[in-house]
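*Asks:* Take a look at this one; I'll ask things after.
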DNA sequence: TAAATTAGCGCACACTTGTAAGCTGAAAGT
DNA sequence: ACTTTCAGCTTACAAGTGTGCGCTAATTTA
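What follows is the structure, given as structure tokens:
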């Protein structure tokens, strides 16, 4: 019984090693299998007992980052339920996530426009997930038709991710300013979507 | 005199080689100096007669891509002057650029969240340039105060780039659909910004 | 015309990389 | 108690990397 457990522990050590080798200066693509093994404290060839190759590892890491992102959303929902402005709470929660899970977020950002189709698709899925959840929320709370709600949610998520990318290596102060700007911009979108809808209805 | 000219030609051959080695599967970071030299038809060590190292080359390429982007803006302005919807013309022009200069755009996208601070700053500068030009346009054509015009322009540019990133490996048909969605989203922002302004004035 | 400059080359070196092959010892299964 | 399984190891190799050094041949300068 102890055997499976130990294997899982090593597997986790490999994943931790890979994450910790990432930084603003190193992308996953620039990290070698041997480096990861070294950091994880195993022989290079032992790596293969856990992952087919570095790409295989990468996909698992993307999934993990996506998971963290979904936990973030759940946390945001809890906070919103406790009262407070929806947009502000969401943006603040997101910025906290970016600051706390910088490497995970960097991974998502980089692989979004990276060289591997599989990676890009994996990240794409995570973002789509995000958009769909928000679409759902928007339709339920504004009564906007689904197509417009989707456009609004998509624009918002893209803006938030774009701001997150910018925030990732900014000082806390600058990040706060960025968040404030983002909040206003999100309101533009919300307002615009609502106006677009009512002008259509008026026709 | 022929000496300088030949040198420039080789330099250009190196840059062309680097660009042509890039694709959706290969990033600049994954291309070796030796590969570039091979593609350019020179000895590996001859590379150093033109660039300090691959990073040096990369920065020059980012600048080139930025230049192409600015030419794009100029072209869009010409088209707008010839009549037609501003947003639609801009989006169409942008999408044409993305399709025609896929590798240049990919370079910008990747290095925006890449591992080199110098690269990130270089790309950041290009995008900022873009935003400032648009801010200028918005203030002149809507009479919005500069701070709101900036927020609007920033949001629009971010959305456009985000869509460009998505469009880059899409079929022409899907790209067209994406462009249509983008246009609506940009209108949301324009509308929202204007509404935000007038509600403030009303206070 | 003689001297100086320099783009480009070949060779060489010290590394790093991914991964194949085969061994070992301990845990799990019988 | 015996056998099977298998995580992790060592060793090994071929391929690729960046770059220092010194040469050559042609252009530019004086």
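Chains as they are written, first to last, in this note's numbering: chain A, 376 to 578; chain B, 376 to 578. Glycine residues also receive a C-beta, built at the ideal position from the N, C-alpha and C atoms.
Could you give the DSSP three-state label for residue 427 of chain B: helix, strand or coil?
*Replies:* coil
*Asks:* For residue 401 of chain A, which of helix, strand or coil comes out of DSSP?
*Replies:* coil
*Asks:* Are the Cβ atoms of residue 440 of chain A and residue 415 of chain A separated by less than 8 Å?
*Replies:* no
*Asks:* With residue 482 of chain B as the anchor, note down where its alpha helix (DSSP H) starts and where it stops.
*Replies:* 477-487
*Asks:* Just to make sure I have the definition right: I need the residues of chain B whose C-beta is within less than 7 Å of the C-beta of residue 564 of chain A. Which are they?
*Replies:* 563, 564 and 567
*Asks:* Counting only the same chain and skipping the five closest in sequence on each side, list residues whose C-beta sits under 8 Å from that of residue 562 of chain A.
*Replies:* Around residue 562 of chain A: 462.
*Asks:* Does DSSP put residue 420 of chain A in a helix, a strand or coil?
*Replies:* helix
*Asks:* Run down chain B in chain order and give the residues with a C-beta less than 9 Å from the C-beta of residue 392 of chain A.
*Replies:* Close to residue 392 of chain A, with beta-carbon spacing below 9 Å, lies no residue of chain B; the smallest spacing is near 18 Å.
*Asks:* Can you name the residues of chain B whose CB is closer than 9 Å to the CB of residue 560 of chain A?
*Replies:* 526, 527, 529, 530, 533, 564, 567 and 568
*Asks:* Under DSSP, the alpha helix (DSSP H) around residue 492 of chain A begins and ends at which residues?
*Replies:* Where residue 492 of chain A is concerned, the enclosing alpha helix (DSSP H) stretches over 492-517.
*Asks:* Is it true that the CB of residue 481 of chain B sits closer than 8 Å to the CB of residue 397 of chain B?
*Replies:* yes
*Asks:* Is it true that the region 501-521 of chain B meets the region 518-528 of chain A, where meeting means three or more beta-carbon pairs spaced less than 8 Å apart?
*Replies:* no
*Asks:* Within this structure, are the beta carbons of residue 559 of chain B and residue 534 of chain A separated by less than 8 Å?
*Replies:* No Cβ-Cβ contact shorter than 8 Å links residue 559 of chain B with residue 534 of chain A.
*Asks:* Anything in chain A within Cβ reach of residue 571 of chain B, meaning under 9 Å, just list it in chain order.
*Replies:* 559, 562, 563 and 566
*Asks:* Helix, strand or coil for residue 545 of chain B? Go by DSSP, reduced to three states.
*Replies:* coil
*Asks:* Once the 5 residues before and after residue 506 of chain B are set aside, which same chain residues still bring their CB inside 6 Å of it?
*Replies:* The residues are 528, 529 and 532.
*Asks:* Given that residue 485 of chain B touches chain A, what residues does it touch there, using C-beta distances under 9 Å?
*Replies:* 485, 488, 489 and 490
*Asks:* Examine chain B for any beta-carbon lying closer than 8 Å to the beta-carbon of residue 395 of chain A, and answer yes or no.
*Replies:* no
*Asks:* Do the CB positions of residue 494 of chain A and residue 501 of chain A come within less than 8 Å of each other?
*Replies:* no
*Asks:* Starting from residue 406 of chain A and walking both ways along the alpha helix (DSSP H), at which residues does that stretch end?
*Replies:* Counting along the chain, residue 406 of chain A falls outside any alpha helix (DSSP H), and DSSP gives it neither H nor E.
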